[in-house]
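Student: Residue numbers (our numbering): 1216 to 1471.
No residue lacks a Cβ here, since even glycine has one placed at the ideal position from N, Cα and C.
My questions will all concern the structure given below.
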Amino acid sequence: MIFIKNFKPIQIFSNNEQDVGINVIKSPVKLTILEMLRNSDMEFDEIVKNTGKSKSTISVHLKALREQNIISYRVHSNDNRKKIFYLNSKYLGSVTAPNENNIKDKSMDFLVKELIENDEPFSTLLFQTFRAMLIKEGINIDPILYNTGRIIGENLFDKLYAEDLDEFLYNISQYWQRKSLGKLDADLGQIIKISTTDCFECKELPKTGKPACYLDSGIFEALFRCYFNMPVKVSEIKCYTMGDGMCTFEIEALGN
């Protein structure tokens, strides 16, 4: 497979519920359109202006994306001559050219050896090995991990809930320790900080300079969104993959 420098990452979208499958988008123009629509719905003229392409070119790409059920449109409420385009499918992830600095073959060999010989739970090492292999191949599944974490957190909430926030955090930390997910410490304030040592999600991953704990982030987002009954923002400010000795998450309630 040949990758060309500075190409946008290939993006992967699921089809809608009535049409099972996925769509892989490679066209640079389509990728630009989809990146914009992932952030907000847009009128046709806005898409033309922001892409710098001709109206005819954009029309062709929008038509193709609609035929693939990746996007759809609605008529503007104040002007039925205008169409507002939006994503009609779920973004699953992207594939970029493999970066040799991300992971060395010896790291993969080490993980495989650890998977077989280490006394740690097999499932944890299997997860780390699988994740490392995806990084090596340039495959980004961070959105899938985050959404999976949210589902896990929503299902965990009732089991860990306590009215008192300190007790709720204690229940979370005990669950993490019981499941060998790491050791949690919390610092309460307007922004809650949770630090994890021996993080199951990333401690054996290569140093990439970027945070990697999207599963944890999704779990924390769901747990605290359910606890506060309002949206929360989760930011990972420290991570083993960033060269830190722990993973630290900031959790901020955003209000209604």
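With DSSP as the reference, identify every bridge partner of residue 1300, one or two as the case may be.
Tutor: DSSP lists 1257 and 1288 as partners of residue 1300.
Student: If I measure Cβ to Cβ from residue 1360 and keep anything under 6 Å in the same chain, skipping five residues before and after, which residues do I get?
Tutor: The answer, listed in chain order, is 1429 and 1430.
Student: Could you tell me whether the Cβ atoms of residue 1435 and residue 1452 are closer together than 9 Å?
Tutor: No, they are not a contact pair.
Student: Note down, in chain order, each residue of its chain lying with its Cβ closer than 6 Å to the Cβ of residue 1433, except the 5 sequence neighbours on either side.
Tutor: 1361, 1364 and 1365.
Student: With a 10 Å radius around its C-beta and 16 neighbouring C-beta atoms as the bar for buried, classify residue 1377 as buried or exposed.
Tutor: Exposed, by the Cβ-count rule.
Student: Between residue 1402 and residue 1408, what straight-line distance do the alpha-carbon atoms span, to the nearest angstrom?
Tutor: Answer to the nearest angstrom: the Cα atoms are 5 Å apart.
Student: So, at 7 Å on beta carbons, what are the nonlocal neighbours of residue 1445 in its own chain, with the 5 sequence-adjacent residues on each side left out?
Tutor: The residues are 1468, 1469, 1470 and 1471.
Student: By DSSP's criteria, residue 1411 is part of a beta bridge. Which residues make up the other side?
Tutor: In the DSSP output, where bridge partners are listed per residue, residue 1411 has 1399 and 1462.
Student: Identify which residue in 1249, 1369 and 1289 has its Cα closest to the Cα of residue 1442.
Tutor: Nearest option by C-alpha distance: 1369.
Student: Inspect the beta-carbon positions of residue 1246 and residue 1301 and report whether they are closer than 9 Å.
Tutor: Against a cut-off of 9 Å, the Cβ pair of residue 1301 and residue 1246 comes out as no contact.
Student: Could you give the residue range of the alpha helix (DSSP H) that holds residue 1495?
Tutor: Missing from the structure shown is residue 1495; the chain here goes from 1216 to 1471 and no further.
Student: Mind checking which residues open and close the beta strand (DSSP E) that includes residue 1453?
Tutor: Taken as a continuous stretch (DSSP letters only), the beta strand (DSSP E) holding residue 1453 covers 1447 to 1453.
Student: Hey, how far is the Cα of residue 1447 from the Cα of residue 1372?
Tutor: Distance between the alpha carbons of residue 1447 and residue 1372 is about 15 Å.
Student: Could you give the C-beta distance for residue 1273 and residue 1286, rounded to a whole number, given that I count them as a contact under 8 Å?
Tutor: With a Cβ gap of about 12 Å, residue 1273 and residue 1286 do not count as contacting.
Student: So, for residue 1268: in the same chain, excluding its five sequence neighbours on each side, which residues have a beta-carbon less than 7 Å away from its beta-carbon?
Tutor: Once the five neighbours on either side are set aside, the close Cβ partners of residue 1268 are 1244.
Student: Along the chain, where does the alpha helix (DSSP H) that runs through residue 1429 open and close?
Tutor: Element bounds for residue 1429: 1429 to 1443.
Student: Does the Cβ of residue 1449 have 16 or more other Cβ atoms within 10 Å, making it buried, or fewer, making it exposed?
Tutor: With 16 or more other Cβ atoms within 10 Å, it is buried.
Student: Here's the rule I'm using: 16 or more other beta-carbon atoms within 10 Å means buried, otherwise exposed. How should residue 1210 be labelled?
Tutor: What the structure shows of the chain is the stretch from 1216 to 1471, and residue 1210 is not part of that stretch, so it cannot be assessed.
Student: Applying the 10 Å Cβ sphere with the 16-neighbour rule, what's the burial state of residue 1356?
Tutor: Answer is buried; the Cβ neighbour count reaches 16.
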